[in-house]
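Asker: For reference, the structure I am asking about is given below.
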Amino acid sequence: METYSTVLTALADPTRRAIAERLAEGPAPVGELARFVPVSRPAVSQHLKVLLEAGLVSVTASGNRHLYALDPGGVAALRAYLDRFWGRALQSFKQHVESTGGTTHD
Amino acid sequence: MTDTTVAAPVHQSIDVDAPVDRAFATFTDEMAAWWPTEHHILGAELAGMEFEPRVGGSIIDRGVDGSECRWARVLAYEPPHLLVFSWDISLQWQLETDPARTSEVEVRFTELSPGRTRVDLEHRHIERHGEGWEQMHGAVGSPDGWTIGLHRFAAHVGGAG
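Just so you know, the protein sequences line up as chains L and F, in that order. Our numbering numbers the first residue of the first sequence as 1 and each following residue consecutively. Our numbering numbers the first residue of the second sequence as 1001 and each following residue consecutively.
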């Protein structure tokens, strides 16, 4: 499964595992996560991006604050799934429409 | 709680070598021919799909055993340029009957040249599927449970790598 390998990749990194384990204790803003792991705040943001794309983490906007939370099986996972699904579906659509006389190549 | 969890819309775009009307017709009339077949929520194997070409119509999956599932409502149908349909499938992969808890898919077809079309797809309001999910998560997802799960996962990944 693609989803499975994406999750594996996301958690293969020790910093991302540490972030995920911290989030397992409750939602946190990026600043707090940056204090928790020994990397810079921009690096934490990058790691969060990977976790978001893998569907492991969701982000909640509360005013102008962003809280990150573990979200396995929730909306973030669904979004990650749909992103991959539509990528695959449109590739398949392209193949089909181009193989059934969509146009003449010149 | 006034917090809102917002999922960014999914965007996918692809250019195809086909005239815009042909691309639109293929997307709708021949959905079964290109739809990834493993993706359906019928109990039986997928025998076919039907797209009802009108606002208020449905997208219907039909199973080999005669069962059917109307999993999308057509919200906009403007050939050959615009198509919007709902995504009435829950996080539990069941048919979602509450429209407030469904997302929507917009597909735009733009002519790049007479034989070439850009297809832009946006799947938005994904967070609507999660209404009420946070509460459930709070109830069943004890922090200990997740920490233990992640440690196991991490150990497994470490062992495999």
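All C-beta atoms in this analysis are idealised placements derived from N, C-alpha and C, irrespective of residue type, glycine included. In this text the structure is predicted, and so the values were computed from the model without any measurement.
Report the start-end ranges of each alpha helix (DSSP H) in the stretch 10-82 of chain L that is 4 residues or longer and not cut off at the edges.
Answerer: DSSP runs (the alpha helix (DSSP H)) wholly in the stretch 10-82 of chain L: 14-23, 30-36, 41-53.
Asker: Could one say the Cβ of F/I1126 lies closer than 8 Å to chain L's Cβ atoms, at least one of them?
Answerer: On the second sequence, position 126 is the one that residue 1126 of chain F refers to. At least one chain L Cβ lies under 8 Å of F/I1126.
Asker: What do you get for F/Q1094, buried or exposed, if any count of 16 or more other CB atoms within 10 angstroms of its CB means buried?
Answerer: Residue numbering aside, residue 1094 of chain F sits at position 94 when the second sequence is read from its first letter. So F/Q1094 counts as exposed.
Asker: Indicate whether at least one CB of chain F lies closer than 8 Å to the CB of L/L78.
Answerer: On the first sequence, residue 78 of chain L is found 78 positions in, with the first residue counted as 1. Output row for L/L78: interface = yes.
Asker: Going along the chain, which residues of its own chain have a beta-carbon closer than 7 Å to the beta-carbon of L/E53, five neighbours each way excluded?
Answerer: On the first sequence, position 53 is the one that residue 53 of chain L refers to. If we look at L/E53 and ignore the five residues flanking it on each side, its Cβ neighbours are A80.
Asker: Might you give, ordered along the chain, the residues of its own chain that have their beta carbon closer than 8 Å to the beta carbon of L/S45, omitting 5 neighbours on each side?
Answerer: Taking the first sequence and counting its residues from 1, the one referred to as residue 45 of chain L is at position 45. Only V30 meet the Cβ criterion.
Asker: For F/M1167, which beta-bridge partners are listed by DSSP?
Answerer: Lying before the first or after the last residue shown, residue 1167 of chain F is absent from chain F, which here runs from 1001 to 1161.
Asker: Below 7 Å CB to CB, which residues in the same chain sit around F/D1017 once its five sequence neighbours on both sides are set aside?
Answerer: Here residue 1017 of chain F refers to the residue found at position 17 of the second sequence. Cβ neighbours of F/D1017 beyond the five flanking positions: G1115, R1116.
Asker: With F/D1029 as the anchor, note down where its alpha helix (DSSP H) starts and where it stops.
Answerer: One-based indexing of the second sequence puts residue 1029 of chain F at position 29. Element bounds for F/D1029: 1020-1029.
Asker: Counting only beta-carbon separations shorter than 8 Å, does F/H1040 have a partner in chain L?
Answerer: Position 40 of the second sequence, counted from the start, is the residue given in the question as residue 1040 of chain F. No, no contact with chain L.
Asker: Between L/F93 and chain F, is any beta-carbon pair separated by less than 8 Å?
Answerer: The residue given as residue 93 of chain L occupies position 93 in the first sequence. Chain F contact via Cβ: present.
Asker: Comparing the C-beta of F/A1139 with each C-beta of chain L, is any distance below 8 Å?
Answerer: Walking along the second sequence from the start, residue 1139 of chain F turns up at place 139. Because the pLDDT at F/A1139 is just 37, under 50, the model does not fix this residue reliably, and the point stays unresolved.
Asker: Tell me the DSSP secondary structure of F/W1179 in three-state form.
Answerer: The structure shown does not extend to residue 1179 of chain F, since chain F spans only 1001 to 1161, so no value can be given for it.
Asker: Using only alpha-carbon positions, find the residue among L/F36, L/H47, L/R41 that is nearest to L/D13.
Answerer: Position 13 of the first sequence holds residue 13 of chain L. Checked all of L/F36, L/H47, L/R41; the closest Cα to L/D13 is L/H47.
Asker: Note the first and the last residue of the continuous beta strand (DSSP E) segment covering F/Q1012.
Answerer: As a first step, residue 1012 of chain F is located in the second sequence; it is residue number 12 there, counting from the start. Start and end: 1010-1016.
Asker: Give me the Cα-Cα distance between F/L1121 and L/S40, rounded to the nearest whole angstrom.
Answerer: What you label residue 1121 of chain F is simply residue 121 of the second sequence in a count that begins at 1. What you label residue 40 of chain L is simply residue 40 of the first sequence in a count that begins at 1. When rounded, the distance between both Cα atoms is 35 Å.
Asker: Quick check on L/R88 - is its C-beta less than 8 Å from some C-beta in chain F?
Answerer: In the first sequence, residue 88 of chain L corresponds to position 88, counting from 1. For L/R88, the answer is yes, since a Cβ of chain F falls inside 8 Å of its Cβ.
Asker: Does DSSP put L/H96 in a helix, a strand or coil?
Answerer: Position 96 of the first sequence, counting from 1, holds the residue named residue 96 of chain L. It is helical.
Asker: Do you know how far the Cα of L/F93 is from the Cα of L/V100?
Answerer: Here residue 100 of chain L is taken as the residue at index 100 of the first sequence, counted from 1. Here residue 93 of chain L is taken as the residue at index 93 of the first sequence, counted from 1. For the record, residue 100 of chain L in the displayed sequence is Thr; it is not Val. When rounded, the distance between both Cα atoms is 11 Å.
Asker: What does DSSP give as the partner residues of F/L1075 in its beta bridges?
Answerer: The sequence position of residue 1075 of chain F within the second sequence is 75, counting from 1. Paired residues: none, contrary to the question.
Asker: Which residues in the same chain have their Cβ closer than 7 Å to the Cβ of F/A1007, if we skip the five residues on either side of it in sequence?
Answerer: Residue mapping note: residue 1007 of chain F aligns to position 7 of the second sequence, counting from 1. The answer, listed in chain order, is I1126, E1127.
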